[in-house]
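Residue numbers (this note's numbering): 3 to 119.
Beta carbons: idealized from backbone N, C-alpha and C, even for Gly.
Here's the structure, in structure tokens; my notes come after.
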Amino acid sequence: MYEELDRRGSVLCIHPAGEGPPELPSVAVGRLWYDTVSHVHGPALAAAAATFGADRLVLGTDFPYEDGEVFLRAVDYVSESWLTEEEATMILDTNAADLLGLSGISGTSGISGTSGP
3 MYEELDRRGS VLCIHPAGEG PPELPSVAVG RLWYDTVSHV HGPALAAAAA TFGADRLVLG
63 TDFPYEDGEV FLRAVDYVSE SWLTEEEATM ILDTNAADLL GLSGISGTSG ISGTSGP
């Protein structure tokens with residue numbers, strides 16, 4: 003997939019100075035974050051984790067458009083999917099802290115962590 007991104011990216015990314023893209027699309031996708039809104043479709047979540055890495059996925063729910071049981075299911079299916087427990091924990095907990103620059107800050111907690119003092 004990344005080779006195709008790079009091939010298409012070099013065609014689509016034309017800069018005013020006539021230079022190519024500042025970086026290959028295959029490199030850029032590694033800096034992006036992706037959410038898990040796939041409407042409770044386990045294969046889509048597994049494909050996203052395999053393609054981009056579970057460390058680049060954060061929980062997505064479509065709130066406020068989805069609420070109640072549908073909202074809860076959007077969270078539960080991450081743990082019930084084909085991902086490892088470690089990958090599910092990253093998606094449901096630690097990745098968001100990493101994205102927001104909160105990793106390792108005392109007193110922060112995720113859904114599986116403990117609260118600070």
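Counted as a single uninterrupted DSSP element, the stretch harbouring T86 is not any alpha helix (DSSP H), since DSSP gives it neither H nor E. Between L47 and W84, the CB-CB gap stays under 9 angstroms. Taking C-beta separations shorter than 7 angstroms and ignoring five residues to either side along the sequence, the partners of F73 in its chain run T63 and F65, following chain order. If you draw a 10 Å sphere on the C-beta of T91, you find 16 or more other C-beta atoms in it, and that means buried. In the structure shown, the three-state DSSP call for Y4 is helix. Here D37 is bridged, per DSSP, to V60.
A check of alpha carbon separations from G32 across E89, E88, D57 and A76 identifies D57 as the nearest.
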